[in-house]
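Have a look at the structure below, then the notes.
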Amino acid sequence: KKVGLDLLDGNQPIRLELGGFSMYPNFLPGDVAVIERTDASCLKRGQVVVVQIESRWIAHRLVDFRTVDNTLFVITQGDSVIRPDKPVKSSKLVGAVGEVSRGNSHIQYSAILAWAYVKLRPLPQIFSRAVLKIKWKLNL
1 KKVGLDLLDG NQPIRLELGG FSMYPNFLPG DVAVIERTDA SCLKRGQVVV VQIESRWIAH
61 RLVDFRTVDN TLFVITQGDS VIRPDKPVKS SKLVGAVGEV SRGNSHIQYS AILAWAYVKL
121 RPLPQIFSRA VLKIKWKLNL
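Residue numbering for the sequence shown follows this note's numbering, starting at 1 and increasing by one per position.
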């Protein structure tokens, strides 16, 4: 992670293999995301960002901003997670996801999908979670 942060600080994008199902169905374990350093003031709701929580890097969708005592916090949420994550200081922002690939395919960013996951929450998250649970029960 130190090397990754050093590269990002030098304006070099890094590739990060995603794990877990919190961004299902949009991203799957093994997808590779290109992370680019960005300032929190340049972000828009709906973008997928990487934040550092304790020693882990988490890629989730940015759903809101909050300012407390002149400190900017970002609020993120996984696409298959019902509740948003706890607010994280913007200083813990690692970067924004620029593109994602799955095998030889490029996953296209959809502004409409990003809007839906932010504006209609928690409905898309509930639906994504239900589909994921059904797939697990059916071993698909």
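All C-beta atoms in this analysis are idealised placements derived from N, C-alpha and C, irrespective of residue type, glycine included.
VAL131: member of the alpha helix (DSSP H) spanning 123-138, first to last residue. Cβ neighbours of GLN125 within its own chain (closer than 8 Å, five residues either side excluded): GLN77, GLY78, ASP79, SER80, VAL81, ILE82 and TYR117. ILE35 counts as buried, since no fewer than 16 other beta carbons sit within 10 angstroms of its beta carbon. With contacts defined by Cβ atoms closer than 8 Å, THR71 and LYS92 do not form a contacting pair. With respect to VAL51, VAL74 sits close: the two C-beta atoms are nearer than 8 Å.
Bridge pairing for GLY95: VAL50 [DSSP].
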